[in-house]
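Everything below concerns the one structure shown next.
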Amino acid sequence: SQTIHQWPATLVQPVGSPLSLECTVEGTSNPNLYWYRQAAGRGLQLLFYSVGIGQISSEVPQNLSASRPQDRQFILSSKKLLLSDSGFYLCAWMEAGGQPQHFGDGTRLSIL
Amino acid sequence: GDSVTQMEGPVTLSEEAFLTINCTYTATGYPSLFWYVQYPGEGLQLLLKATKADDKGSNKGFEATYRKETTSFHLEKGSVQVSDSAVYFCALSDYNFNKFYFGSGTKLNVKP
């Protein structure tokens, strides 16, 4: 069966520090991969999605970036974090063809 | 563009009450529709889905029917339990199946 792993679960970082969040999927090949951000008490904002290795689509301008160095690995990065980057970050995967998205457990990021 | 609108919360009910959470959508083509549930501090879990008009998705006593004529996918449950307290998200997948569009979420509080 397919599983998705996302880490770390929680992270506290100072303003201006770099960021790297990692997400990996097991048990499937060539999945679509997604990064979302959820502000406290709010809905989901799609940040990036990828339909293949090296293919990244950005949905909103920001100081975050994403990379997909391997088929089942999706990384969210920043060179310098802002206070506004605080939130709950969710990774998700989906097989092509209208199937459901499946979510990781999320990373709670707090910027001090 | 595609979008999902769901009723604002929070919704507060007593145990064993009937639940309806309204969801309407705007989409080109023929999207698939989904309901997800999010418990505190966790990622989203797929609750149910429907892939074509008049399909009824059901799971754990929850039901939703894909109504093309009213562009709706309302979530219902006949008798809620305290353990159903969570945030519920309505979502659709676009025609090309690469992106999901989520509603803003509805928080459900069930009191004993």
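Line by line, the protein sequences are chains A and B. The working numbering applies: residue 35 is where the first sequence begins, and numbers increase by one. The working numbering applies: residue 680 is where the second sequence begins, and numbers increase by one. Here a beta-carbon is modelled for each residue, glycine too, at the ideal position from N, C-alpha and C.
query	result
If you follow the beta strand (DSSP E) that Thr707(B) is in, where does it begin and where does it stop?	Per DSSP, Thr707(B) belongs to no beta strand (DSSP E) and is neither H nor E.
Measure the alpha-carbon distance for Tyr736(B) versus Lys113(A) and round it to whole angstroms.	Sequence inspection shows Gly at residue 736(B); the Tyr mentioned does not correspond to that position. Rounded to the nearest angstrom, the two C-alpha atoms are 43 Å apart.
Beta-carbon of Gly722(B) versus every beta-carbon of chain A: anything under 9 Å?	yes
For Ser92(A), tell me which candidate among Leu80(A), Pro103(A), Gly75(A) has the shortest Cα-Cα distance.	Leu80(A)
Answer with yes or no whether the minimum CB distance from Leu725(B) to chain A is below 9 Å.	yes
So Phe713(B) contacts chain A; which residues on that side make the cut at Cβ distance below 7 Å?	Pro134
Quick check on the burial criterion: 16 or more other C-beta atoms within 10 angstroms. Buried or exposed for Val759(B)?	buried
Mind the definition here: the stretch 688–704 of chain B touches the stretch 131–142 of chain A only if three or more C-beta pairs lie below 8 Å; say whether that holds.	no
Looking only at C-alpha atoms, which of Ser63(A), Ser54(A), Gly61(A), Leu115(A) sits nearest to Pro42(A)?	Ser54(A)
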